[in-house]
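Line order of the protein sequences matches chains B and U. Counting from 134, one number per residue, gives the positions in the first sequence under this note's numbering. Counting from 134, one number per residue, gives the positions in the second sequence under this note's numbering. The beta-carbon is built from N, C-alpha and C at its ideal position, and this holds for glycine as well. This structure is a prediction, so every number in the text was calculated from the model and none was measured. Presented below is the structure to which this report refers.
Protein chains: 2
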Amino acid sequence: MAKETASASTELKIKQAARKIFMQKGYAAARTRDIAEAAGINLALLNYYFRSKEKLFDIIMLENLQQFIEGIKEILNNRQTSLEQKTETIVTNYINLLTQQPDLPLFVLHELRTHPKEIISKIDRDKFIHRSYFMQQIKDAAKERKAASINPLHFLMNIISLTIFPFVASPIIQNIGGLNQQDFNALMEERKKLIPKWIKAIMQKK
Amino acid sequence: MAKETASASTELKIKQAARKIFMQKGYAAARTRDIAEAAGINLALLNYYFRSKEKLFDIIMLENLQQFIEGIKEILNNRQTSLEQKTETIVTNYINLLTQQPDLPLFVLHELRTHPKEIISKIDRDKFIHRSYFMQQIKDAAKERKAASINPLHFLMNIISLTIFPFVASPIIQNIGGLNQQDFNALMEERKKLIPKWIKAIMQKK
DNA sequence: TCTGTGTTTAATCAATTGATTAAAAAATTT
DNA sequence: AAATTTTTTAATCAATTGATTAAACACAGA
Numbered sequence: 134m135a136k137e138t139a140s141a142s143t144e145l146k147i148k149q150a151a152r153k154i155f156m157q158k159g160y161a162a163a164r165t166r167d168i169a170e171a172a173g174i175n176l177a178l179l180n181y182y183f184r185s186k187e188k189l190f191d192i193i194m195l196e197n198l199q200q201f202i203e204g205i206k207e208i209l210n211n212r213q214t215s216l217e218q219k220t221e222t223i224v225t226n227y228i229n230l231l232t233q234q235p236d237l238p239l240f241v242l243h244e245l246r247t248h249p250k251e252i253i254s255k256i257d258r259d260k261f262i263h264r265s266y267f268m269q270q271i272k273d274a275a276k277e278r279k280a281a282s283i284n285p286l287h288f289l290m291n292i293i294s295l296t297i298f299p300f301v302a303s304p305i306i307q308n309i310g311g312l313n314q315q316d317f318n319a320l321m322e323e324r325k326k327l328i329p330k331w332i333k334a335i336m337q338k339k
Numbered sequence: 134m135a136k137e138t139a140s141a142s143t144e145l146k147i148k149q150a151a152r153k154i155f156m157q158k159g160y161a162a163a164r165t166r167d168i169a170e171a172a173g174i175n176l177a178l179l180n181y182y183f184r185s186k187e188k189l190f191d192i193i194m195l196e197n198l199q200q201f202i203e204g205i206k207e208i209l210n211n212r213q214t215s216l217e218q219k220t221e222t223i224v225t226n227y228i229n230l231l232t233q234q235p236d237l238p239l240f241v242l243h244e245l246r247t248h249p250k251e252i253i254s255k256i257d258r259d260k261f262i263h264r265s266y267f268m269q270q271i272k273d274a275a276k277e278r279k280a281a282s283i284n285p286l287h288f289l290m291n292i293i294s295l296t297i298f299p300f301v302a303s304p305i306i307q308n309i310g311g312l313n314q315q316d317f318n319a320l321m322e323e324r325k326k327l328i329p330k331w332i333k334a335i336m337q338k339k
């Protein structure tokens, strides 16, 4: 019993340390020694638990992607909420997540480029976003209502662009605007209410 | 004479190869041997011309940043063009640039995180964006016209987010939408006209 | 043609780094 | 408490990689 909790906790410690180091430095620049040190354990122990750096990375990356995807899966397919409500929930959820883990999107996107596309195919294997009720609502809004006709893909791109990109480009934005971390977070907090408004304005038939 | 052109061309060849490899793999994963091979020269020659991997990287990165910044400097300070015209020009220019070099923004942003902030401070040393005529126009529009009051920083973030992020996230977007490279480029081409419209809609006083 | 300067290469070095191994330590079982 | 299994470590290996060196090469001017 004590054995299992001990091993479970060291495994968790390693994973947490790995997540931190990988996200800070990226896969290539992250050294297994850094991760071991951050986890407070020996380098050999890391390989004992996870076989190799790449195996460990795959696990971390998969968990990150799930965090990204699972977080919006039920939102997109909720039949009870309007398009406006979904937008607001998505924006709020992501801004909350990224305020806690600002390095997450850049890490995922960068490694997605470099690494073989095995990872990419895992993202949306069954095209659930494409088939989601959310997508149907966008199409319907364009037809039934007086909303402007818009490619649903543009619509989705707009929401995630407006929400995520500021975090990706935060070093530049903070530099341009002369903002410290707190100022920046406050600005992102503002966007929780602004982005849904803007999205609505975009949809308005001109 | 032949000597100088030869050395100039090899220097250029190395830089072009370095830009390619660095952008594909990132600084840490890019090997100097890869760059040398891509340039069709010997590894030692690379160090003969540029002293070290880091020196070469600094040069490439600086050129990339300049490409990014210089491209909008005169646009932002043009006293003859309206806010709408500036928006359209910025969007068109960046979409053209990124269609040619889709890896550029992710590379810059990723390395900006990892590397010491010396680089960051070079981006907008004299705060020219903040002082630009463009920024003044945004403030004026909010006051004088009937436009909605908007933090100029939000305005700027919106334009670059809507323009640049789709390129950064293109692997995901192409996967979700089931798009090949040509489809994706066509979608980005559409955005040249759409984004200015959307920005205008956002500015509209509701 | 010879000399000197700049260019290029092959070979090698030294440091880093992912991974392994064998042994010690701790925990669990009998 | 002894035996067995699991966990942890120190030491080491082997491959990679950025960088250097010394020698060969090209080419200009004398």
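Problem - the stretch 313-333 of chain B touching the stretch 316-330 of chain U, judged by at least three CB pairs closer than 8 angstroms - result: no
Problem - Helix, strand or coil at K260 (chain U) [DSSP, three-state] - result: coil
Practice task
Compute the Euclidean distance between the alpha carbons of A151 (chain U) and F183 (chain B), then round it to the nearest angstrom.
Solution key: The straight-line gap from Cα to Cα measures roughly 34 angstroms.
Problem - Test: K158 (chain B) CB closer than 8 angstroms to a CB of chain U - result: Judged by the 8 angstroms Cβ criterion, K158 (chain B) is in contact with chain U.
Practice task
Indicate the three-state DSSP secondary structure (helix, strand or coil) for G173 (chain U) in the structure shown.
Solution key: Three-state result, G173 (chain U): coil.
Practice task
Take every Cβ of the stretch 228-238 of chain B, pair it with every Cβ of the stretch 141-161 of chain B, and state whether three or more of those distances are shorter than 8 angstroms.
Solution key: yes
Exercise for the section: Mind checking which residues open and close the alpha helix (DSSP H) that includes R164 (chain U)? Expected result: Element bounds for R164 (chain U): n/a, residue is neither H nor E.
Problem - the stretch 271-292 of chain U: positions lying closer than 7 angstroms to chain B by Cβ - result: L286, H287, M290, N291
Problem - Check whether L179 (chain B) and A169 (chain B) have beta carbons under 8 angstroms apart - result: yes
Problem - Residue-chain proximity (L245 (chain U), chain B), Cβ-Cβ < 8 angstroms - result: yes
Exercise for the section: For H263 (chain U), return the contacting residues in chain B, with the cut-off set at a CB-CB distance below 8 angstroms. Expected result: I309, G310, G311
Exercise for the section: Leaving aside the five residues before and after N313 (chain U) along the sequence, list all residues of the same chain whose C-beta is less than 8 angstroms from its C-beta, in chain order. Expected result: Residues of the same chain with a CB within less than 8 angstroms of the CB of N313 (chain U), apart from the 5 flanking positions on each side, are Q307 in chain order.
Handout entry: Assigned secondary structure, H248 (chain U) (DSSP; H/G/I helix, E/B strand, else coil)
Key = coil
Practice task
Report yes or no: is there a C-beta of chain U within less than 8 angstroms of the C-beta of I305 (chain B)?
Solution key: Chain U, which has a Cβ nearer than 8 angstroms to the Cβ of I305 (chain B), makes this yes.
Exercise for the section: Determine the chain U residues that contact D236 (chain B) at a beta-carbon separation under 9 angstroms, and present them in chain order. Expected result: Those within 9 angstroms of D236 (chain B) in chain U are R246.
Problem - Interface flag, D257 (chain B) vs chain U, CB-CB below 8 angstroms - result: For D257 (chain B), a Cβ of chain U is located within less than 8 angstroms of the residue's own Cβ.
Problem - T232 (chain B) in three-state terms, based on DSSP - result: helix
Practice task
Please confirm whether I271 (chain U) and P304 (chain B) have their CB atoms less than 8 angstroms apart.
Solution key: no
Problem - Cβ shell of H243 (chain U) (< 8 angstroms), same chain only, five flanking positions each side left out - result: G159
Exercise for the section: Mind checking which residues open and close the alpha helix (DSSP H) that includes T296 (chain U)? Expected result: Unbroken alpha helix (DSSP H) run through T296 (chain U): 285-301.
Practice task
Could you say which of B:L295, B:R166, B:S265 lies nearest to I202 (chain B) if we only look at CA atoms?
Solution key: B:S265
Exercise for the section: Using 10 angstroms around the beta-carbon of A351 (chain U), count the other beta-carbons present and answer buried if the total reaches 16, otherwise exposed. Expected result: As shown, chain U starts at 134 and ends at 339. That puts residue 351 (chain U) outside it, with no answer to give.
Practice task
In angstroms with no decimal places, state the Cα-to-Cα distance between E187 (chain U) and K148 (chain U).
Solution key: K148 (chain U) has its alpha-carbon roughly 13 angstroms from the corresponding atom of E187 (chain U).
Exercise for the section: Please classify R166 (chain U): is it buried, with 16 or more other beta-carbons within 10 angstroms of its beta-carbon, or exposed? Expected result: exposed
Exercise for the section: Using a threshold of 8 angstroms, state whether the C-beta atoms of I283 (chain B) and A275 (chain B) are closer than that. Expected result: yes
Handout entry: Within chain B, the residues that S294 (chain U) reaches when beta carbons sit closer than 7 angstroms
Key = S294, L295, F298, P299
Handout entry: L209 (chain B) and F267 (chain B) closer than 8 angstroms at C-beta
Key = yes
Practice task
Express the C-alpha separation of N175 (chain B) and E137 (chain B) in angstroms, rounding to a whole number.
Solution key: Per-residue confidence for E137 (chain B) stands at a pLDDT of 39, beneath the threshold of 50, marking its modelled position as unreliable; the derived number appears in the next sentence. The alpha-carbon atoms of E137 (chain B) and N175 (chain B) are separated by roughly 19 angstroms.
Practice task
Compute the Euclidean distance between the alpha carbons of L245 (chain B) and P299 (chain U), then round it to the nearest angstrom.
Solution key: Separation of L245 (chain B) and P299 (chain U) (C-alpha to C-alpha, rounded to the nearest whole angstrom) is 14 angstroms.
Handout entry: Spatial distance of R164 (chain U) from F317 (chain B) (CA atoms)
Key = In a straight line, the C-alpha of R164 (chain U) is about 36 angstroms away from that of F317 (chain B).
Problem - 8 angstroms Cβ cutoff, L327 (chain U) in contact with chain B - result: yes
Problem - Cα-Cα separation, D273 (chain U) to G204 (chain B) - result: 40 angstroms
Exercise for the section: Taking G204 (chain U) as part of the alpha helix (DSSP H), name the residues at either end of that continuous run. Expected result: 186-209
Handout entry: CB contact flag (L295 (chain U), G310 (chain B), <8 angstroms)
Key = no
Practice task
With 8 angstroms as the limit, tell me which residues of the stretch 159-170 of chain B have their beta carbon closer than that to any beta carbon of chain U; keep them in chain order.
Solution key: G159, Y160, A161, A162
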